[in-house]
Amino acid sequence: MAARADNVSRVDHDGVTLVEGATSDVRFAFTERTGGVSEDAYSSLNLGSHVGDDPFAVQENRRRALEAMGATECEHNLLVPNQVHGDHIVTVTSNGADDLEAVREQIAEGCDAIVCTAHDVPVLLSFADCAPVVLVAPGGFAVVHSGWKGTIARISAKACQALCEAAGCNASDVSAYIGPHILGDEYEVSQELMDRFAAEFSCVDAGASRMLDLSAAIREALVDVGVDADGIVDTQLSTVRQNDRFYSYRNEGGTCGRHAAIGVML
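Counting from 29, one number per residue, gives the positions in the sequence shown under our numbering.
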């Protein structure tokens with residue numbers, strides 16, 4: 029049976045707003061941009077350390093986000109990868125200090141998905157238009173960064189397969205949650221890129237328009253590896269139209285903070 033949250037709901041935690049869900053094993057959330065201490069273009073819950081914001085503000089914002097998730101006690105185990113728009117996946121199976129240090133060395137070299145079957149290890153990836161995907165299975169989870177490069181490389185499907193291997197489950201046991209991103213009616217790309225997507229995904233019609241629907245391609249990739257279509261939840265939240273709630277690289281001219289997708293087994 030799929031590990032599925034009963035619902036995904038928007039909840040305010042003393043000013044920190046999360047679009048969150050939980051199963052018996054896993055808590056996960058997509059953060060919004062309010063409730064933090066960052067200023068100006070990064071206002072206010074910026075969770076990205078690579079965008080020019082005050083690092084102390086980012087550290088405090090991450091603390092607040094984990095506190096809102098009830099994960100303060102394992103903040104010291106937080107994993108935040110160097111995202112490089114690729115399809116490299118790192119799997120975490122232990123919360124031992126030496127093991128986590130080795131993982132940190134791996135993810136610093138670049139990765140765009142982390143699979144985790146260890147308790148008390150929060151995983152945080154950051155976003156500002158790319159699609160965040162959280163995969164939940166009995167005994168584990170994955171957090172995935174899926175921009176157009178990751179999407180065409182089917183990184184969510186690859187992360188699903190890695191999660192199944194690590195957790196000892198089937199793809200039909202996995203539920204997927206697609207968070208806020210630039211939606212299909214907002215994301216105009218080149219004809220060349222549309223042609224590449226059409227060659228990879230049956231859901232993409234390169235002749236219809238140059239508007240790219242990342243979530244449709246992500247859904248197709250997940251179904252192709254055995255995830256039940258009914259087990260895929262798309263929040264349909266827009267980083268562009270709901271720029272007051274989420275950061276948007278395109279909408280804000282390239283200078284902005286990052287919201288996050290976070291998962292943890294407690």
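In this text, a Cβ means the ideal position worked out from N, Cα and C, and glycines have one as well.
What's the gap between the Cα of residue i and the Cα of residue j?
i, j, result
"A194", "S230", "29 Å"
"T179", "C102", "31 Å"
"P208", "E95", "21 Å"
"L128", "Q87", "19 Å"
"V54", "E280", "33 Å"
"A93", "E214", "28 Å"
"A79", "R32", "The displayed chain sequence assigns Val, not Ala, to residue 79. Distance between the alpha carbons of V79 and R32: 34 Å."
"L153", "H41", "20 Å"
"D272", "F169", "29 Å"
"H116", "W176", "15 Å"
"L46", "V232", "31 Å"
"R238", "D68", "33 Å"
"H147", "Y277", "33 Å"
"G43", "N89", "12 Å"
"G76", "M97", "18 Å"
"D258", "A57", "20 Å"
"P109", "A236", "37 Å"
"P83", "R91", "12 Å"
"T12", "E228", "Residue numbering for the chain in the displayed model covers 29 to 294; residue 12 lies beyond these limits and cannot be assessed."
"T51", "A125", "26 Å"
"G212", "A204", "19 Å"
Output needed for residue i: all residues of its chain with C-beta closer than 6 Å, excluding positions within five of it in sequence on either side, in chain order.
i, result
"C197", "A165, P166"
"A99", "P150, V292"
"V118", "Q134, I135, C139, I142"
"R182", "A249"
"I210", "D157, T267, V268"
"Y70", "D81, G285"
"L265", "P208"
"G282", "none"
"H113", "G175, K177"
"L191", "V143, L163, A165, G168, A170"
Which same chain residues end up closer than 8 Å to residue i when comparing Cβ atoms and leaving out the 5 residues on each side of it in sequence?
i, result
"I206", "A159, P160, V161, S243, I246, R247, I260, V261, D262, T263"
"Q189", "A199, V253"
"E234", "Position check: residue 234 holds Ala in this sequence, whereas Glu was assumed. Here the set comprises Q219, M222, D223, F225, A226."
"A187", "I117, A141, V143, V161, L163, A170, V172"
"Q111", "G138, C139, D140, L153, S154, H173"
"A85", "G64, V65, S66, E67, Y70, N74"
"L294", "R55, G98, A99, C102, H147, D148"
"Q270", "P208"
Is any non-hydrogen atom of the ligand ADP found closer than 7 Å to the C-beta of residue i, if you look at the structure I gave you?
i, result
"D258", "As presented, the structure is devoid of all ligands, the ligand ADP included, so that no description of it is given."
What residues are listed by DSSP as bridge partners for residue i?
i, result
"M239", "E216"
"S154", "A288"
"V107", "According to the sequence displayed, residue 107 carries Leu and not Val. V151, per the DSSP bridge assignment."
"I117", "A141"
"E228", "In DSSP, E228 forms no bridge with anything."
"V261", "Y205"
"T45", "D40"
"A57", "E48, I290"
"H173", "P160"
"A93", "In DSSP, A93 forms no bridge with anything."
"A99", "The partner list for A99 (beta bridge, DSSP) is empty, contrary to what the question assumes."
"A165", "G168"
"S266", "H209"
Apart from the five residues on each side of it in sequence, which residues of its chain come closer than 7 Å, Cβ to Cβ, to residue i?
i, result
"V131", "L107, V118, V120"
"S72", "R61, T62, G63, G64, V65, S66"
"A185", "A249, L250, D252, V253"
"S122", "A146"
"Y275", "R61, A156, T267, C284, G285, R286, H287"
"E216", "R238, M239"
State the CB to CB distance for the pair residue i and residue j, rounded to an integer number of angstroms; the pair is presumed to be in contact (CB under 8 Å).
i, j, result
"G49", "V39", "So it is not a contact: roughly 10 Å between Cβ atoms."
"V202", "A289", "Going by Cβ atoms, the distance from V202 to A289 rounds to 16 Å, so no, they are not a contact pair."
"A30", "D241", "Not really, about 24 Å apart at Cβ, beyond 8 Å."
"R286", "N74", "6 Å"
Say whether chain D places a C-beta atom closer than 8 Å to the C-beta of residue i.
i, result
"L191", "Given the protein chain composition of this structure (a single chain), no chain D is represented."
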